[in-house]
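Written out below as structure tokens is the structure these notes cover.
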Amino acid sequence: SSGINAEYGGKEVFVIQSGSKRVNNDVFEMLNLVYACKTSCARRVIAVVPYLPYSQQCRMRRRACITSKLIAKMMCNAGINHLITMDLHQREIHGFFDCSVDNLRSSPFLLQHVLDTIPDYRESVIIARHPSATRRATSYAERLQVNFAVVHGELKAEE
Numbered sequence: 004s005s006g007i008n009a010e011y012g013g014k015e016v017f018v019i020q021s022g023s024k025r026v027n028n029d030v031f032e033m034l035n036l037v038y039a040c041k042t043s044c045a046r047r048v049i050a051v052v053p054y055l056p057y058s059q060q061c062r063m064r065r066r067a068c069i070t071s072k073l074i075a076k077m078m079c080n081a082g083i084n085h086l087i088t089m090d091l092h093q094r095e096i097h098g099f100f101d102c103s104v105d106n107l108r109s110s111p112f113l114l115q116h117v118l119d120t121i122p123d124y125r126e127s128v129i130i131a132r133h134p135s136a137t138r139r140a141t142s143y144a145e146r147l148q149v150n151f152a153v154v155h156g157e158l159k160a161e162e
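If you use our numbering, the sequence shown corresponds to residues 4 to 162, in order.
The structure is reproduced here in structure tokens:
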């Protein structure tokens with residue numbers, strides 16, 4: 004149960020959801036908290052969700068639902084006025100939201116960390132785990148001026 008003090012009425016409220024392995028619990032915990040803030044007369048609710056759950060499920064395949072669109076609609080319906088997130092899987096996800104979205108990029112911080120803390124980073128290789136990650140791996144490799152590789156293979160279902 005999410006209880007909100009009356010002192011939040013008329014104020015701008017930030018709800019921070021860090022996420023865990025219990026994705027569905029985290030989503031509904033956040034929705035419940037946002038809804039409690041809205042019904043307690045919060046002026047604005049800003050959700051800070053560094054990793055947006057189900058953001059990789061943003062395309063329609065074989066008549067399946069677009070789960071990231073459902074999550075976006077649920078978040079806006081609960082009362083989110085603004086979303087701050089990081090590294091959305093696809094830029095098109097912005098369009099699923101009926102509120103404003105700030106998609107922050109982590110790459111400048113990650114690249115600076117590599118430059119500052121790994122003395123021989125130029126001897127490293129950036130590896131894309133699968134072909135669809137090639138664009139991001141290439142971008143990092145070019146900016147660090149290192150080589151890159153792509154792993155191409157198929158995952159086999161466990162028997």
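Cβ coordinates follow ideal geometry from the N, Cα and C atoms, glycine included.
Return helix, strand or coil for residue i, following the three-state DSSP convention.
i    : result
R138 : helix
H155 : coil
R25  : coil
F17  : strand
H97  : helix
Identify which residue in the options has its Cα closest to the Cα of residue i.
i   : options         : result
C79 : H97, K14, P122  : H97
Q93 : P111, S109, S71 : S71
V26 : F99, A39, Y54   : Y54
Just the C-alpha distance for residue i and residue j, rounded to the nearest angstrom, thanks.
i    : j    : result
Y124 : Q20  : 33 Å
E10  : V149 : 53 Å
L34  : M77  : 8 Å
S103 : E126 : 41 Å
A152 : S142 : 12 Å
K24  : F17  : 22 Å
I130 : P111 : 18 Å
A45  : D29  : 21 Å
Does the distance from the C-beta atom of residue i to that of residue j stay below 8 Å?
i    : j    : result
L91  : S58  : yes
I49  : I87  : yes
I83  : V51  : no
L114 : R139 : no
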